[in-house]
Structures are given as structure tokens and as C-alpha cells.
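Data first, discussion second: the structure below is written as C-alpha cells.
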Amino acid sequence: MALKLYNTLTRRKEVFRPLKKGEVLYYTCGPTVHDYAHIGNFRTFVVQDVLKRWLQSKGYRVRHVMNITDVDEKTLERAARKKIPLEELTSRYEKAFFEDLDCLNIKRADRYPRVSDNIPVIAGMVEGLLGRGHAFRDSDGSIYYDINTCPDYGKLSGNRPKRRIRAKMPREDYQRPKNFLLWKRCEGGGEMGCWDSRLGSGRPGWHIECAALANRYLGETIDIHSGGVDLIFPHHENEIAEAEGFSGKPFSRFWVHVEHLIVYGRKMSKSAGNFFTLRQIIRRGYDPRAMRLLYLKTHYRERLDFDFERLEEAGSEIGFLLELARRLEGIKGPAGSGLSEEIEAFKRDFTAAMDDDLHTDLAWKTYLALLHKADEAMESGGLSKEGAGRLRSAMEWVDSIFGLMGEC
Ligand SMILES: [Zn+2]
Numbered sequence: 000m001a002l003k004l005y006n007t008l009t010r011r012k013e014v015f016r017p018l019k020k021g022e023v024l025y026y027t028c029g030p031t032v033h034d035y036a037h038i039g040n041f042r043t044f045v046v047q048d049v050l051k052r053w054l055q056s057k058g059y060r061v062r063h064v065m066n067i068t069d070v071d072e073k074t075l076e077r078a079a080r081k082k083i084p085l086e087e088l089t090s091r092y093e094k095a096f097f098e099d100l101d102c103l104n105i106k107r108a109d110r111y112p113r114v115s116d117n118i119p120v121i122a123g124m125v126e127g128l129l130g131r132g133h134a135f136r137d138s139d140g141s142i143y144y145d146i147n148t149c150p151d152y153g154k155l156s157g158n159r160p161k162r163r164i165r166a167k168m169p170r171e172d173y174q175r176p177k178n179f180l181l182w183k184r185c186e187g188g189g190e191m192g193c194w195d196s197r198l199g200s201g202r203p204g205w206h207i208e209c210a211a212l213a214n215r216y217l218g219e220t221i222d223i224h225s226g227g228v229d230l231i232f233p234h235h236e237n238e239i240a241e242a243e244g245f246s247g248k249p250f251s252r253f254w255v256h257v258e259h260l261i262v263y264g265r266k267m268s269k270s271a272g273n274f275f276t277l278r279q280i281i282r283r284g285y286d287p288r289a290m291r292l293l294y295l296k297t298h299y300r301e302r303l304d305f306d307f308e309r310l311e312e313a314g315s316e317i318g319f320l321l322e323l324a325r326r327l328e329g330i331k332g333p334a335g336s337g338l339s340e341e342i343e344a345f346k347r348d349f350t351a352a353m354d355d356d357l358h359t360d361l362a363w364k365t366y367l368a369l370l371h372k373a374d375e376a377m378e379s380g381g382l383s384k385e386g387a388g389r390l391r392s393a394m395e396w397v398d399s400i401f402g403l404m405g406e407c
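See below:
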């Protein structure tokens, strides 16, 4: 069966096939490393991990790149406030980010290019956009993208400019299409977060990082680009304008966006007291595997309403799964059920759910039903050694995709 994915660009489910046979070029927007990532960020990263694992299980080689944003205005502000060099701040949170990924059993990408290591590449793309007439230098010396030069601006988000965009717009108009920053001028001379380049002293804007890094490490046209729904506009819309303005080729063929995570029915915010980093959840004694399962129990295009009861329920399901795996080890005899038909039916249902736009929620349900059948068989007539072996290999297959059984 073929995998279908909902493509934000075309607003429908489409059969996914990579451009190059057997190989998927996969770009996912990475973290800004000025703080610990929160449980909403990790929802997106876990879904992206499962999509990658599912593609790999179908035999594709996935070339995965995720950027690390280690310079932006907020990051600079934090470093200045703490009176520490930028690198000291960002390396601390970058390390924490990788620890959190490991804790959630998220497979590493092939590359994690840092923005600070790629300034000449990013500046090169800005230079290219200036040369092709897509960008202009403003009176403050900074460089902006001129969206009037991009006739299909808005094709991803539907947020098309109604009239000609004359100038920069004030911050409160953030949701309206506007010319956006590519290169922010700075003073140079050792100023933090300021690089010399052929464009003069400056630092890149946010959107151009991803466009330039995807281009450098994966090429002009990639297969899948993914991020949270909050990135559709303006971030991804602007990435498209930049990448396509630069190369003249389509940027990403599929755009996969993960819905929001809310907490107790409300948007997560520090002031509302419902803001959690992954670390805070683990510190309260919860198993990160339960967190990973909780993410997968809701389809990625539905809003996930986090609460501790649901996390505990996921935790007890993880307990059941691990206990069953342990009990299977002890089965030696030839008598009892072989579960062969049940496992074949399960594999079909699991595959159908995953192929239908990555319905991990339904795939989990069908898996849990199989585990309950096995449990019942073990309680009543028993499970044969053959059946136990068959079930164990099915569980290993599921775990290569769901990644729920490894320890943190
Ligand atoms: Zn991005």
C-alpha cells in the first residue's frame, strides 16, 4: 500500500513518492537554543521521528537535516542579560536539546547545521536574492525580501497580499504579509552575534536560515519539509519565497504540519501556570516513554490536549506492554495458540492506519488490541513458543517505528 500524507501546500492527502527513487530528502525546522524545549515542541519532533521511521520501514533511505538556530534577537538578549558569551548560552541548551531527544528515543538526523557555522552560505543566498531583484537594502542598511516580486506569495498559507506591499510594517501587523528581514545590519567590531560578510556586518533573519541550509545540505528541491502549524505563516511561506526566488525551482514537494499541543484546554503559557518543559515532566516522576506514547495517541493533525490523567493512562499502557514482553520470554512449550492469523490481520490494520496520513492513534489501538488478545491467550489456553516468537517479532517491528520500549 502507498503512503498518503496530507500536504498543506495542496490542502489534500496525496500519495507520497520521493523525487529520487528510494531516497527521501527531509528537512525539519529545529530549535532555537536559548532555553529548554517545551512539551509542545517535542510533540512535533516525535511525530517527525515516527514519520521518518515509517518511511525507513518502507525501505526508503531518509536524508534528514534539522537546523539549530543559535543566533537571533532573543538569544542575544538572554546572553547579554546573563552576561555570558553567546556560545556559552547556546551550547548549554543545544546539549540539553540532544539529551531530551535521546530521552524521548528520537533518532538523530543526519545533520544538525548551526546557523553560526553557516553564515557565508546564508549570506550567499541573500546576495543571490539581491542579484535577482527579490531583495532590497533599506535605509537602515538591513536587507529585506520584496514580496511584490513573488507572484505566488501566500500559496502555502493562503495569506496572500491584497495590495502592493510598500514598506516594512509595524509589529502588530505580524499576521499580514509583509516584506521581511533577510539580513540585519549590525555594527561589527566584535559585537556579539555580528559577522562580517560581503553584505557588510550583520546577521541573518530567521526564515533565510532554513531556506539556505536546506539548499546547502539537501538541494534545491526536497521531498518533505515539516514543522509545527504555527510555522506555516510567516516562517514557511517566507522560506518558500526565498528558496524559490533563489533557485527558480519548487522548494518542497510536501509540507507536513503538526497541530498544537494545549494543556488542560488552554494554550500553554508561563503566566497561566500551565507551561511545561520535558524536563519538568520527567522530574515529576513520569516515564518519558509514556510522554512519547501520549503524543502518538492523538493524530498529528488534531489538537492534543495534555493533562496528567492522560499521561498516567499512557504510562500504564507502557507498563502493560513491557510486562507482556517480559512474560513472553518465559514461554517455552509447544502447546497453545500460535496467534498467526491475529498477527497477520494486525499487520494489515497497522499498515493501513499508518499509510493513511500517519494515523498513529489508530495504529496504537490496533496494536493494543493484539496485545490484549495475546494476554488473554496466555491467561487461558496458553501461547505456544512459536506464537510467542511471532508476537515478539511483531512487537520488535512496531517498536522500530513507535520506539516505546527503549530506556531513557
Ligand atoms: Zn524553518
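First residue of the sequence shown: 0, per numbering that gives the first Met the number 0; consecutive thereafter. C-beta: ideal position from N, C-alpha, C; glycine also.
Kindly give me the distance between the Cβ atoms of V64 and A213, rounded to whole angstroms, as I take these residues to be in contact under 8 Å.
V64 to A213, Cβ: 7 Å. Contact.
Does the Cβ of G226 lie closer than 7 Å to at least one heavy atom of ligand 1?
Yes, the beta carbon of G226 sits closer than 7 Å to at least one heavy atom of ligand 1.
Taking the CB atoms as reference points, tell me whether Y152 and E76 lie closer together than 8 Å.
The answer is no: Cβ separation not under 8 Å.
Give me the Cβ distance between A271 and A289, rounded to the nearest whole Å; I'm assuming they're in contact under 8 Å.
Not quite, the Cβ-Cβ distance comes to about 24 Å (not below 8 Å), so this is no contact.
What residue range does the alpha helix (DSSP H) around P287 cover?
First-last of the alpha helix (DSSP H) with P287: P287 to L295.
Please confirm whether D354 and P17 have their CB atoms less than 8 Å apart.
Cβ distance not < 8 Å, so D354 and P17 don't count as in contact.
Compute every distance between the C-beta of H234 and the non-hydrogen atoms of ligand 1, then say whether any falls below 7 Å.
Yes, the beta carbon of H234 sits closer than 7 Å to at least one heavy atom of ligand 1.
Per DSSP, what kind of secondary structure is R325 in: helix, strand or coil?
Correct three-state label for R325: helix.
Hey, how far is the Cα of V45 from the Cα of W396?
Those two C-alpha atoms are separated by around 18 Å.
Tell me whether C209, by its Cβ, gets closer than 7 Å to a heavy atom of ligand 1.
Answer for C209: yes, Cβ within range of ligand 1.
Compare the Cα-Cα distances from L155 to each of W254, Y111, T220 and F41 and report the closest residue.
Checked all of W254, Y111, T220 and F41; the closest Cα to L155 is W254.
To which residues does DSSP link S251 through a beta bridge?
DSSP output for S251 lists I221 as bridge partner(s).
In the DSSP assignment, find the unbroken beta strand (DSSP E) run with K3 in it and report its ends.
Its beta strand (DSSP E) spans residues K3 to N6.
Starting from F349, trace the alpha helix (DSSP H) both ways and give me its first and last residue.
Element bounds for F349: S339 to D354.
Does the separation of the CB atoms of F97 and A36 fall below 8 Å?
Taking 8 Å as the Cβ cut-off, F97 and A36 do not qualify as a contacting pair.
Just grab the DSSP bridge partners of Y25 for me.
DSSP lists H63 and I223 as partners of Y25.
Buried or exposed: where does V61 fall if 16 or more other Cβ atoms within 10 Å of its Cβ makes it buried?
Under this definition V61 is a buried residue.
Cβ-heavy atom distance between E238 and ligand 1 below 7 Å?
Flag set: Cβ of E238 near ligand 1.
I need the straight-line Cα distance from E186 to S90, nearest angstrom please.
Approximately 24 Å, taken between the alpha carbons.
What residues in its chain sit with their C-beta under 7 Å from that of Y111, if we drop five residues either side in the sequence?
If we look at Y111 and ignore the five residues flanking it on each side, its Cβ neighbours are G29, M65 and I67.
Count Cβ pairs between the segment 386 to 405 and the segment 338 to 347 that sit closer than 8 Å; are there 3 or more?
Yes, the segment 386 to 405 touches the segment 338 to 347.
Shortest alpha-carbon distance to R136 belongs to which of D304, N178 and V257?
Residue N178 is the option with its Cα nearest to R136.
In angstroms with no decimal places, state the Cα-to-Cα distance between E400 and I146.
Note on residue identity: the sequence assigns Ile, not Glu, to residue 400. I400 and I146: Cα-Cα distance of roughly 41 Å.
Starting from I261, follow the beta strand (DSSP E) in both directions and report where the run begins and ends.
It spans L260 to V262 - the beta strand (DSSP E) in which I261 sits, taken as one unbroken run.
In terms of alpha-carbon separation, which member of D360, L369, L361 and H358 lies closest to I342?
Of the candidates D360, L369, L361 and H358, the one whose C-alpha sits nearest the C-alpha of I342 is L369.
Less than 7 Å separating the Cβ of C149 from some heavy atom of ligand 1?
Not so, every heavy atom of ligand 1 lies at least 7 Å from the Cβ.
Please look up how many angstroms separate the CB atoms of E258 and R300, rounded, as I've assumed it's under 8 Å.
Confirmed, about 6 Å.
Just to confirm the assignment, what range does the alpha helix (DSSP H) spanning G39 have?
I38 to S56 is the extent of the alpha helix (DSSP H) around G39.
Taking K384 as the reference, which of G201, N273, K331 and R159 has the closest Cα?
Minimum Cα distance to K384 is reached at K331.
Just to confirm, are K248 and E208 a CB contact at a threshold of 8 Å?
It is not a contact, given that the beta carbons lie outside the stated cut-off.
Let me make sure I understand the geometry here. Which of L310, L100 and R80 has the alpha-carbon closest to that of G405?
G405 has its Cα closest to that of L100, out of L310, L100 and R80.
Under the three-state reduction of DSSP, which class applies to R402: helix, strand or coil?
Going by the sequence as given, residue 402 is Gly instead of Arg. It is coil, neither helix nor strand.
When the Cα atoms are used, what is the spatial distance from L403 to Q55?
Whole-angstrom Cα-Cα distance: 17 Å.
Within 10 angstroms of the Cβ of Y263, are there 16 or more other Cβ atoms? Answer buried if so, exposed if not.
The residue is exposed, with fewer than 16 neighbouring Cβ atoms inside 10 Å.
Could you check whether the Cβ of C28 sits closer than 7 Å to any heavy atom belonging to ligand 1?
Indeed, a heavy atom of ligand 1 lies less than 7 Å from the Cβ.
Expressed to the nearest angstrom, what Euclidean distance is found between the alpha-carbon atoms of V49 and G132?
Rounded to whole angstroms, V49 to G132 spans 40 Å at the Cα level.
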